[in-house]
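Beneath this line is the structure, given in structure tokens, with notes to follow.
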Ligand code: AMP
């Protein structure tokens, strides 16, 4: 099937061609026709499947009749609202709106917390048809009466499961209560839980259900690898893997902000350029860290789950779980940062003994046994030159969900000026070298194996995927 066959307007087909895309992805092929017909849609789509264009393209087509270049704000009421859980995702979605809508005279804006509200107010005052927002900041605008949503006819809840995880349900309900009842609504979610189905029941009308991948599955182009390792040895193993495999773009997940900071600092000390990205950093710092990572200036970006969703880093070859996530669904989202748009990627998890249950929960959700890798040369080096026991363990922390901080006006005031229209997220990824990283596995240990029980847990026997 070609985009042409979907009945999209010539302006949109031109914008798609400008991107170099010819064939719709499965979620686009399934979601676009019913959305164009005005139906509500509930879509379960994995991250990286092209779902943003899946709702942005038909939304633009449905709003096309309102396109105009009048300077009067009254001619540009908010007609479409897209809610996303994180600021980064909001910025990326608006970027897609601009990319695909560049030949149509519709205005868009993005509002999220952590940056000054005044430029957002000015933009809203001038009038925009399409508003992308995080719930907390949108409620601020509603409270200050700086936005009017009474003419919204198109609503998208993007990454709905994440919004529920982050405790946004009351905010979403308050926002929905000020929208016109007569509207088209879409819900996109990476995973389907009973809560998501409940939400869909509440605010969708006879939705068409679109499912493009096995429930809660992860992208097939991703190679999974587990190293069973003591918490205290994780950092050294990570440094070893990055250096010995010459990894150049690695997104590492920690469960806490303090853990992420500490790991980034220590990796930097080990000679591996690293930066941290989490909710305690200002929006300016987050954007800078992400930009430098995308440009290849920083090899390793250590993130909390705030970065697990939405970020589209083209050709990201490696994701590492330094801590296993507390919920198996988060594994899906973290791993979804790699293997995007058909490219291969590798997901490496460093698993300590205390994380055994979490690993089992992930394997149960994915219905696969994750292959366990022998730490090989690294283990032998550790055995021949073990470190003293004075180092603080960097294993899993007690609090897992402290990142799920809401994006409200209570967020720390920014230390940098507000970013403009977030070109950062649209800038293409520039690899630091022409060499392409491929998802290879670590070379098996050479020479006789030594007893490494003190540092590493024994690998489980290899099992085949069972589904
Ligand atoms: P998303 O899941 O919306 O974050 O999209 C993942 C990536 O796929 C983005 O970099 C898109 O630009 C890209 N993409 C979207 N649609 C297509 C398509 N039809 N063909 C190729 N790449 C696409």
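Numbering (our numbering), first residue to last: 96 to 562.
Each residue gets a CB set at the ideal place from its N, CA and C atoms; glycine is no exception.
Any heavy atom of the ligand AMP within a distance shorter than 8 Å of the CB on residue i?
i           : result
residue 284 : no
residue 213 : no
residue 193 : no
residue 119 : yes
residue 146 : yes
residue 185 : no
residue 98  : yes
residue 140 : yes
residue 116 : yes
residue 143 : yes
residue 123 : yes
residue 149 : yes
Just verifying my parser: in three-state terms, what is the DSSP assignment at residue i?
i           : result
residue 105 : helix
residue 306 : strand
residue 347 : strand
residue 326 : helix
residue 432 : coil
residue 425 : helix
residue 301 : coil
residue 97  : coil
residue 342 : coil
In terms of residues, what are the limits of the alpha helix (DSSP H) holding residue i?
i           : result
residue 334 : 329-339
residue 279 : Residue 279 -> not in any alpha helix (DSSP H); beta strand (DSSP E) instead, spanning 279-284.
residue 454 : 451-461
residue 298 : 289-298
Determine the extent of the beta strand (DSSP E) in which residue i is found, giving its start and end residues.
i           : result
residue 441 : 440-446
residue 323 : 317-323
residue 419 : Looking at the DSSP string, residue 419 is not in any beta strand (DSSP E), and its letter there is neither H nor E.
Kindly say whether residue i, judged by its beta-carbon, lies nearer than 9 Å to any beta-carbon of chain B.
i           : result
residue 344 : Among the chains in the structure shown there is no chain B, since it carries only a single protein chain.
Could you tell me which residues DSSP puts in a beta bridge with residue i?
i           : result
residue 467 : 321
Contiguous beta strand (DSSP E) assignments of at least 3 residues, all confined to the region 191-276: Counting only runs of at least 3 residues, the region 191-276 fully encloses the following beta strand (DSSP E) elements, listed from N- to C-terminal order: 203-206, 225-228 and 249-252.
Would you list, in sequence order, the uninterrupted alpha helix (DSSP H) runs of no fewer than 4 residues that lie entirely inside the region 352-410? Runs found: 352-364 and 378-389.
Ordered list of beta strand (DSSP E) runs contained in the region 102-189, each at least 3 residues: Entirely contained in the region 102-189, the beta strand (DSSP E) runs reaching 3 residues are, in chain order, 136-139 and 175-178.
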